[in-house]
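Student:
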Amino acid sequence: MQIGNCLFAHLLICQFCYPMSTSRKKIAAGNWKMNTTLPEAQELFEAIVRMLPDVSHSTSVVVAPPYPFIPVASKLFRNQNNLFMAAQNCSSEEMGAFTGEVSAEMLRSLAVQYVILGHSERRKYFNETGDVIYRKLALSLKYSLRPICCVGESLKQREAGEQKDVVREQLEETAFMFDARQVGKIVIAYEPVWAIGTGKTATPEQAQDMHAHIRTLLTDRYGKEAAEGISILYGGSCNSRNAAELFKCKDIDGGLIGGASLKAEEFIAIAQSL
Ligand code: PGA
Numbered sequence: 005m006q007i008g009n010c011l012f013a014h015l016l017i018c019q020f021c022y023p024m025s026t027s028r029k030k031i032a033a034g035n036w037k038m039n040t041t042l043p044e045a046q047e048l049f050e051a052i053v054r055m056l057p058d059v060s061h062s063t064s065v066v067v068a069p070p071y072p073f074i075p076v077a078s079k080l081f082r083n084q085n086n087l088f089m090a091a092q093n094c095s096s097e098e099m100g101a102f103t104g105e106v107s108a109e110m111l112r113s114l115a116v117q118y119v120i121l122g123h124s125e126r127r128k129y130f131n132e133t134g135d136v137i138y139r140k141l142a143l144s145l146k147y148s149l150r151p152i153c154c155v156g157e158s159l160k161q162r163e164a165g166e167q168k169d170v171v172r173e174q175l176e177e178t179a180f181m182f183d184a185r186q187v188g189k190i191v192i193a194y195e196p197v198w199a200i201g202t203g204k205t206a207t208p209e210q211a212q213d214m215h216a217h218i219r220t221l222l223t224d225r226y227g228k229e230a231a232e233g234i235s236i237l238y239g240g241s242c243n244s245r246n247a248a249e250l251f252k253c254k255d256i257d258g259g260l261i262g263g264a265s266l267k268a269e270e271f272i273a274i275a276q277s278l
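Each residue of the sequence shown is one higher than the one before, starting from 5 at the first, in the numbering used here.
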């Protein structure tokens with residue numbers, strides 16, 4: 005079953021009840037990837053909830069565990085104002101005979117608020133193209149999930165000086181397909197592929213340069229007010245030692261954290277740097 009064109013036409017004119025934000029959110033998002041067992045996940049959730057009071061109320065702490073552990077966390081996260089549940093992916097199809105897929109609507113029914121889309125591991129290992137990511141974004145927005153839309157260049161592309169064009173093209177086929185109101189619900193994550201899981205972080209200058217580029221692209225397309233309201237996260241070997249320097253940069257509004265989010269003290273220390 006394919007999603008018809010009429011659905012997308014509907015999505016494009018769909019109005020959301022949330023107002024466009026004027027000041028952007030600071031976000032520390034933990035992407036657990038395919039790690040932890042149920043007891044380990046439970047322990048990590050509990051530790052995060054315990055340490056949450058150490059994080060500023062104005063920082064949103066977002067946790068993206070593997071799908072099966074989401075209901076466990078939902079119970080623990082209830083009544084925590086600045087703690088949010090994310091999924092690491094969702095289907096590009098809305099519902100039906102797609103064995104093994106998890107829909108945006110299912111996630112919404114589990115009180116998930118964010119969904120990571122277009123991660124470079126999904127692009128690389130699961131052949132996700134811009135078109136697939138766009139369809140996932142559209143469904144996430146339809147079901148009031150906030151997508152964290154990932155973009156970033158490979159080492160080869162950076163060495164060839166192509167990083168800004170690559171990121172622009174990735175945005176043009178995903179987040180930039182939406183109007184200003186919808187794009188205001190999207191969080192963008194700049195994750196240079198060469199920095200993910202490698203221990204090699206972008207320097208604050210490299211990261212800020214790309215974030216400013218993304219903000220300029222947003223301004224050109226949607227105007228200054230909309231662009232200033234969109235959070236742009238940095239991801240790629242971010243840890244408690246380098247987070248503060250990165251987060252000091254004007255256009256870096258937080259981090260998408262992989263490995264370092266699997267230790268509660270480390271993850272909370274990163275969130276405290278915001
Ligand atoms: P990393 O992963 O922090 O382990 O580099 C980041 C990510 O993939 O989102």
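Even glycine gets a Cβ: it sits at the ideal position worked out from N, Cα and C. Predicted model, so just to flag it, every value in this text is computed and none were measured.
Expressed to the nearest angstrom, what Euclidean distance is found between the alpha-carbon atoms of residue 233 and residue 41?
Tutor: Per the coordinates, the alpha-carbon of residue 233 lies some 37 angstroms from the alpha-carbon of residue 41.
Student: Is residue 242 close to the ligand PGA? I mean its beta-carbon at under 7 angstroms from any heavy atom of the ligand.
Tutor: yes
Student: On the DSSP bridge list, what partners appear for residue 2?
Tutor: Only positions 5 to 278 of the chain appear in the structure, and residue 2 is not among them; the question remains open.
Student: Just checking, does the region 160-167 make contact with the region 123-130 on the three C-beta pairs under 8 angstroms criterion?
Tutor: Between the region 160-167 and the region 123-130, the count of C-beta pairs closer than 8 angstroms stays below three; the two stretches do not touch.
Student: Suppose you measure from the CA of residue 111 to the CA of residue 82; what does that come to, to the nearest Å?
Tutor: The alpha-carbon atoms of residue 111 and residue 82 are separated by roughly 16 angstroms.
Student: By a C-beta neighbour count over all protein chains shown, 10 Å radius and 16 as the cutoff for buried, is residue 181 buried or exposed?
Tutor: buried
Student: For residue 124, which three-state DSSP category applies?
Tutor: helix
Student: Taking the runs of the beta strand (DSSP E) that are 3 residues or longer, which of them lie wholly in the region 92-150?
Tutor: 118-121
Student: So for residue 63, helix, strand or coil by DSSP?
Tutor: In the three-state reduction of the DSSP assignment, residue 63 falls in the strand class, which pools E and B.
Student: What does residue 87 pair with, by DSSP beta-bridge criteria?
Tutor: 65
Student: By DSSP's criteria, residue 256 is part of a beta bridge. Which residues make up the other side?
Tutor: Answer by DSSP bridge pairing: none, since residue 256 is not bridged.
Student: Helix, strand or coil for residue 26 per DSSP?
Tutor: Because residue 26 carries a pLDDT of 48, less than 50, the predicted location of this residue cannot be relied on, and the following value inherits that uncertainty. Residue 26 falls in the coil class under three-state DSSP.
Student: Give a yes or no on whether the C-beta atoms belonging to residue 274 and residue 244 are separated by under 8 angstroms.
Tutor: yes
Student: Look up residue 200 in the DSSP assignment and say whether it is helix, strand or coil.
Tutor: coil
Student: So, using beta-carbon positions, are residue 71 and residue 91 closer together than 8 angstroms?
Tutor: yes
Student: To the nearest angstrom, how far is the alpha carbon of residue 26 from that of residue 43?
Tutor: For residue 26, the predicted model reports a pLDDT of 48, less than 50, meaning its position is unreliable and no value from the coordinates is stated.
Student: Using beta-carbon positions only, say whether residue 191 and residue 157 come within less than 8 angstroms of one another.
Tutor: Not closer than 8 angstroms, so no.
Student: Give the DSSP-derived three-state secondary structure of residue 32 in the structure shown.
Tutor: strand
Student: Sort out for me which residues DSSP pairs residue 153 with in a bridge.
Tutor: 121 and 192
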